Every structure is written in structure tokens, then in C-alpha cells.
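Okay, so here's the structure we're looking at.
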Amino acid sequence: MTIDWPPHLFLVGCGNMAGQILSRWLACGLDPARVTVLRPSGRAVADGVAVVTDYPPALPAGTLVLLGMKPYQIGAVADALAPHCRADTPMVSILAGTTLAELRARFPMVHDIVRAMPNLPVGIGQGVTALYADVRTSTDVTSQVETLIAPLGQAEWIADEAQFNAVTALSGCGPAFLFRFVDALARAAEAIGIPAEQAARMALGTVQGAASMAASASDSPAALADQVASPGGMTRKGLDMLDADDRLLRLLTDTLTAARDRGEAMARGE
């Protein structure tokens, strides 16, 4: 994969998500000498990547800024970073609940801003990243960002920013929900008599194989489930439990709704 990397990347924060992104980019050929990470702790990130504890006097020409700190830190970060940004400094934000309007208000000099919400599998190149930009952001920058997202996995552009929290609830939060499901599947297997360690291995392998099969199949996951379930058989009996009163659908709808609503509350500063 040939990637046209920016001349320089300036990462504000390098926590779990930003760290996964950077790790994948480095694995795909990004020169660490092109990267500077602002990290108050000063802890090293990766060989060759410069880590600073304060903002440099100026950003190198062609710098792309990635905001990867905690969303509540946006005020302090903007106060310190905005004076260093120019009109031609593209910015990508992975801050949940921080709207494009707020970013533009805090970084008035920046012309090109893209909101992105990746999920943790970006670290292995199998992530899903939701993207949003308004009409002020140039097509050159949206194309540049899409090129940067390509080695991370799937990119999904969102036409309406109002949907961003809903999409984040699905793909951004979704891995945690799936991890919880895998754990519950293993614990349920233990409850019916399978040894704990074996149940954990089998649950994870079952989910991994089924997800790979669903990704490569021409049929929908719903159709695949029905294909596995013979009339009157074990699978059908189990599906009947999940399907009764739409209990699984209602549970997941409530789960995504709670996550979405929290994103909207964060956007209101709550």
C-alpha cells in the first residue's frame, strides 16, 4: 500500500485510540521522524517519534494536526494550540461529542477540519471510521484524510453531522459491546458446565469465525442465522430465546440509544 503521508503529523494526546491509529500508520510505513506527539507525561510512544510536553514555537510547514486527547480538554488545548495554527493547517478531530461548530469556534484560523470517529480495530487495519466534514473543508483535504484512513480499515462518510453520535454509538462504541457479548457467551457456557478457560477460547473463536463468515458472505447476517437453524433443532431453540419479544433487538437498541444520548449530552457540555 502506497500512502502519500503528510510532511508532518502533530498529535495532541496519544491515548488508547490515537495510539492505535499511530501504531498502524507506523506499521504501514509512516516515517516516525515525521511525527511529533504532545504528551504531558513525556512518556515515549514509539522508536523515532518525538514526544514533547509543551507546544513548539511553530508547527512545521505542511503539518496535519490530530486531536486525540480527552474531549473535556478541548478548551485548554485550543487556547494553547490555536495561535500556532494557520489557515492551511488541516485538522482531524477524534473527540467524541465535540461538534464541528465548536472546533471552528475554537480554531477560527483553521480552514480544513474533519471529524473522525475510529474504533479500536484500526490498530490491526480492520477498523471502521466515521468521517464528517462541512462545505468549508476542501476536497483536497477530505481526500488526504480518506487516504490516511485507508490503512486503518473501512471509512464511512456521514452526510449529516446530526447522525454522528448515532454512528459513534454503533461503530465507535460497538467493539466494547461485542467484547461484552463474547465475555457473556463464555460465562454462559461456563454456567452450563464447560470449563471456564475452554469456554472463553471457544466463545472467542466462535465469534471470530462467524464474523469473518458474515463479512465474506453474500447473504445478510439474518439470513445466515436462519440457514444455520434447522427447524426444531438446537440452534432454532436458542434463537427463539433471543427473538422472543424482540428481546435482543430491544436490548441493543437501548444500548445504542444510551451511548448516542451520552454523546449528545457531551456536545452540550454536560
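Here the sequence shown stands for residues 767 to 1036, where the numbers follow the numbering used here. All residues carry an ideal CB built from backbone N, CA and C; glycine is no exception. Small disclaimer: the values here were computed from a predicted structure and weren't measured.
- Taking 8 Å as the cut-off, the beta carbon of residue 962 is found closer than this to the beta carbon of residue 956.
- In the DSSP assignment, residue 869 falls within the unbroken alpha helix (DSSP H) covering 866–872.
- About 6 Å separates the CB atoms of residue 903 and residue 879; that is less than 8 Å, so the two are in contact.
- Counting along the chain, residue 778 sits inside the beta strand (DSSP E) bounded by residues 774–778.
- Rounded to whole angstroms, the Cβ separation of residue 777 and residue 834 is 6 Å, and the two are in contact under 8 Å.
- Counting the other CB atoms within 10 Å of its CB gives residue 795 a total below 16, which places it among the exposed residues.
- The closest CA to that of residue 900, considering only 875, 910, 914, 926, is found on 926.
- Taking the Cβ atoms as the reference, residue 799 lies roughly 6 Å from residue 814, within the contact range of under 8 Å.
- In the DSSP secondary-structure assignment, residue 923 is bridged to 897.
- Taken in chain order, the complete alpha helix (DSSP H) segments of 4 residues or longer contained in the region 816–896 are 840–847, 866–872.
- A straight line joining the alpha-carbon of residue 890 with that of residue 790 spans about 7 Å.
- Exposed is the label assigned to residue 823, since fewer than 16 other Cβ atoms lie within 10 Å of its Cβ.
- Between residue 872 and residue 898 a beta carbon distance of about 17 Å is seen, past the 8 Å cut, so the two are scored as non-contacting.
- Taken through DSSP and simplified to helix, strand or coil, residue 801 comes out as strand.
- The straight-line gap separating the alpha-carbon atoms of residue 885 and residue 1012 is approximately 27 Å.
- For residue 960, there is no enclosing alpha helix (DSSP H), as DSSP gives it neither H nor E.
- In terms of Cβ geometry, residue 1029 and residue 935 form a close pair [threshold 8 Å].
- Residues of the same chain with a CB within less than 8 Å of the CB of residue 847, apart from the 5 flanking positions on each side, are 778, 821, 831, 873 in chain order.
- Between the C-alpha atoms of residue 990 and residue 980 there is a straight-line separation of about 8 Å.
- For residue 903, there is no enclosing alpha helix (DSSP H), since its DSSP letter is neither H nor E.
- Membership of residue 1031 in the alpha helix (DSSP H) is indicated by the continuous run 1013–1033.
- Separation of the CB atoms of residue 887 and residue 919 is rounded to 6 Å, and the pair is thereby assigned contact status at 8 Å.
- Cβ contact annotation for residue 804 (same chain, cutoff 6 Å, sequence separation greater than five): 778, 818, in chain order.
- Secondary structure at residue 941: helix, using DSSP grouped into helix, strand and coil.
- By the neighbour-count criterion, in which 16 or more other beta carbons inside 10 Å mark a residue as buried, residue 915 falls on the buried side.
- Residue 968 is positioned such that its CB atom lies no closer than 8 Å to that of residue 837.
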